[in-house]
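Peer 1: One structure coming up, written as structure tokens, with questions to follow.
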Amino acid sequence: MKKIIVALATVGVIGSIGSVHAEVVSFTASKPTTITAWTDILSIGKFDSNLGTLNSITFALDGIVSGAGRAESLDGAASTVTLSLSSILTLARPDGSTIVVTNPVFSKGYSLTAFDGSIDFAGGSGASTGQVSSNHSESFVSNSTYDYSLFSQAGGGTINLGLGATGVSNGSGAGNLITQFATSAAGNVTVSYNYTPTTPVPEPETYAMLISGLGLLGLVRRRKDKKQA
1 MKKIIVALAT VGVIGSIGSV HAEVVSFTAS KPTTITAWTD ILSIGKFDSN LGTLNSITFA
61 LDGIVSGAGR AESLDGAAST VTLSLSSILT LARPDGSTIV VTNPVFSKGY SLTAFDGSID
121 FAGGSGASTG QVSSNHSESF VSNSTYDYSL FSQAGGGTIN LGLGATGVSN GSGAGNLITQ
181 FATSAAGNVT VSYNYTPTTP VPEPETYAML ISGLGLLGLV RRRKDKKQA
């Protein structure tokens, strides 16, 4: 029984030496809610190339739009007006090239009467969203050697990425329509590095265990052959 246990242990050592699984390390940065339009620089951690070999880089951008919108229909007939609070957020590399874009939108329709004679964004011909918010996320997976080089270095470090937001809120539905919007946006960025760890060099005692285990297996087989003879 002891001989069998040693043999199994040896097989386990061989398996552990050759078994390498992909790992993921992530870094995050965020921009708080700010009135659009704005641009900012976010510092994100680079991949430490000492850890292993990159398989892919995932860039995730979660955009949040918030604020309020209101409308007054000047039409002579009833109409359905849609107010859309919206912002476009763009994440870019240091050279300005786009990585990923997201467009959070809050949209709602309102049934309005013919113009009631007062531009007050109230009454039958006026509408207001009140304070609202919405979020939307987009991601991009890069397998580019250019990105691998740009986002990694021995020991890690940081890289500065550009994040910008533009308000694109709008109203539609009536031919004669007055709208007003107060649009703000925020963004959360996550960069995830999928990599294969560098295969560790087995310690000397691991090799010793492997060799002794294989030697014992050979001894067991020789004794078994002698008994059968």
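Mapping the sequence shown onto the UniProt record's numbering, position 208 (from 1) lands on 208, and the numbers just tick up by one.
Beta carbons: idealized from backbone N, C-alpha and C, even for Gly.
Would the beta-carbon of Ser128 fall within 8 Å of that of Thr113?
Peer 2: Here residue 128 corresponds to residue number 128 of the sequence shown, with the count starting at 1. Here residue 113 corresponds to residue number 113 of the sequence shown, with the count starting at 1. Not a contact, by the Cβ cut-off of 8 Å.
Peer 1: If we ignore side chains and look at the alpha-carbon of each, how far apart do Ser172 and Ser107 end up?
Peer 2: To locate residue 172, count along the sequence shown from 1; it is residue 172. To locate residue 107, count along the sequence shown from 1; it is residue 107. When rounded, the distance between both Cα atoms is 11 Å.
Peer 1: Once DSSP output is grouped into helix, strand and coil, what is the label at Ile14?
Peer 2: As a working note, residue 14 is residue 14 in the sequence shown. Confidence at Ile14 is low in this model, with a pLDDT of 43, below 50, so its placement is unreliable and no value can be given for it.
Peer 1: Would a C-beta distance cut-off of 8 Å place Phe47 and Tyr146 closer than the cut-off?
Peer 2: Position 47 of the sequence shown holds residue 47. Position 146 of the sequence shown holds residue 146. Not closer than 8 Å, so no.
Peer 1: If you count every other CB in all the chains shown that lies within 10 Å of the CB of Gly167, and 16 or more means buried, which is it?
Peer 2: Translated into the one-based positions of the sequence shown, residue 167 becomes position 167. Looking at its Cβ environment, which holds 16 or more other Cβ atoms inside 10 Å, Gly167 is buried.
Peer 1: Whose CA, out of Ser43, Ala154, Ser144 and Val100, lies closest to the CA of Asn50?
Peer 2: Translated into positions along the sequence shown, residue 50 becomes position 50. Of Ser43, Ala154, Ser144 and Val100, the residue nearest in Cα terms is Ala154.
Peer 1: Can you give me the C-alpha to C-alpha distance between Tyr207 and Ser30, rounded to a whole angstrom?
Peer 2: Taking the first residue of the sequence shown as position 1, residue 207 is located at position 207. Taking the first residue of the sequence shown as position 1, residue 30 is located at position 30. For Tyr207, the predicted model reports a pLDDT of 49, less than 50, meaning its position is unreliable and no value from the coordinates is stated.
Peer 1: So is Gly175 buried or exposed if we call it buried at 16+ other beta carbons inside 10 Å?
Peer 2: Sequence index remark: in the sequence shown, residue 175 carries index 175 (1-based). The residue is exposed, with fewer than 16 neighbouring Cβ atoms inside 10 Å.
Peer 1: From Ala22 to Ser43, what distance separates their C-alpha atoms?
Peer 2: In the sequence shown, the residue the question calls residue 22 occupies position 22. In the sequence shown, the residue the question calls residue 43 occupies position 43. Each residue's Cα considered, the two are about 25 Å apart.
Peer 1: Cβ atoms of Thr158 and Gly45: under 8 Å apart, would you say?
Peer 2: Sequence index remark: in the sequence shown, residue 45 carries index 45 (1-based). Sequence index remark: in the sequence shown, residue 158 carries index 158 (1-based). Yes.
Peer 1: What does the Cβ neighbour count give for Pro104, buried or exposed, with the cut at 16 atoms within 10 Å?
Peer 2: Taking the first residue of the sequence shown as position 1, residue 104 is located at position 104. When all chains shown are included, Pro104 counts as buried.
Peer 1: Nearest to Glu138 by CA position, among Gly123, Leu91 and Ser73, is which residue?
Peer 2: By 1-based counting over the sequence shown, the position of residue 138 is 138. Residue Leu91 is the option with its Cα nearest to Glu138.
Peer 1: Would you tell me roughly how many angstroms separate the C-alpha atoms of Leu54 and Val81, rounded to the nearest one?
Peer 2: Counting from 1 along the sequence shown, the entry for residue 54 is found at position 54. Counting from 1 along the sequence shown, the entry for residue 81 is found at position 81. So the alpha carbons of these two residues sit roughly 50 Å apart.
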